[in-house]
Structures are given as structure tokens and as C-alpha cells.
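Engineer: Attaching a single structure in C-alpha cells format; questions to follow.
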């Protein structure tokens, strides 16, 4: 069955073969991504992006086992990238909050010094 699916993967029945692969691997890939990412919507995005990436590179694969390995590799990579982007966004948000607090403290000190001069 494996060679039949991959032979047709980029042939005339590529849509059917792609559906077969999606149905076979999507749920386990969601579970795999959940080991890295805790948000259901993000997990779904990661899996969808992995299959989109597979579709775009479908002619590079010769067997279903290479497709399966590729899907797991790309889901892990996309999941880790998501974590990195979140961490960067969180650090940036924290920095903005701290800068705002510093600005408010600075303005309060100016007002206070002006009040004491009067």
C-alpha cells in the first residue's frame, strides 16, 4: 500500500493521496505538537502549515516513510519556532511595560520637584 500511495502522491490522484496522508497523520501530529505548544488553535495552525509545506514539496518524496519523517520534523520545527516567537513577544511586551513605568516615575519626580520648589 505504501508504494501505491506515494506513486500516486504527485500523479493523477495526488488529491486523494494527500487526503489519505492527512487522515492518517493529522491527529497524531496534533498530539505531537501538543508536547511543545499548549494552545489548540496554534496546534491546528502548526499541523495545517506542515501539510501545506508537504503539499508544496510533494515531488521531493519517494516513500511514505520519508513523508512521515518529514511531517514529524516540520511539526517539531514549527512548534519550537512558535515557542520562540511567543518568548520574544513576551520579552518585548515586558520591556514596553517597564519603559512606561520608568517614564511615569520620571514624570512623577519632575512634578514632585516642581511642587516642592513652589
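Numbering (the working numbering), first residue to last: 41 to 158.
Even glycine gets a Cβ: it sits at the ideal position worked out from N, Cα and C.
Please read these numbers as outputs of a predicted model, since none were measured by experiment.
#1: Leaving out five residues on either side along the sequence, give the residues of the same chain with a beta carbon under 8 Å from the beta carbon of residue 62.
#2: Please name the residue in 89, 119, 56 whose C-alpha comes closest to that of residue 75.
#3: Could you give the distance in angstroms between the alpha-carbon of residue 115 and the alpha-carbon of residue 96?
#4: Can you tell which of 67, 73, 57, 77 has the C-alpha that lies nearest to the C-alpha of residue 126?
#5: Residue 55 to residue 87, Cα distance in whole Å?
#6: Have a look at residue 83 and residue 72 and give me their C-alpha separation to the nearest angstrom.
#7: Take the Cβ of residue 128 as the centre, count every other Cβ of all protein chains shown within 10 Å, and call the residue buried at 16 or more, exposed below.
Structural biologist: Checking against the coordinates, here is how it stands:
#1: As a working note, residue 62 is residue 22 in the chain shown. Contacts found: 91.
#2: Taking the chain shown and counting its residues from 1, one reaches residue 75 at position 35. Of the listed residues, the one whose Cα sits closest to residue 75 is 119.
#3: In the chain shown, the residue the question calls residue 115 occupies position 75. In the chain shown, the residue the question calls residue 96 occupies position 56. Taking the straight line from one Cα to the other gives about 15 Å.
#4: Counting from 1 along the chain shown, the entry for residue 126 is found at position 86. The candidate whose alpha carbon is nearest that of residue 126 is 77.
#5: The count along the chain shown starts at 1 and reaches residue 55 at position 15. The count along the chain shown starts at 1 and reaches residue 87 at position 47. If I take the Cα positions, the gap works out to 18 Å.
#6: Numbered from 1 along the chain shown, position 43 holds the residue referred to as residue 83. Numbered from 1 along the chain shown, position 32 holds the residue referred to as residue 72. The alpha-carbon atoms of residue 83 and residue 72 are separated by roughly 9 Å.
#7: If you number the chain shown from 1, residue 128 lands on position 88. By the C-beta density criterion, residue 128 is exposed, having fewer than 16 other C-beta atoms within 10 angstroms.
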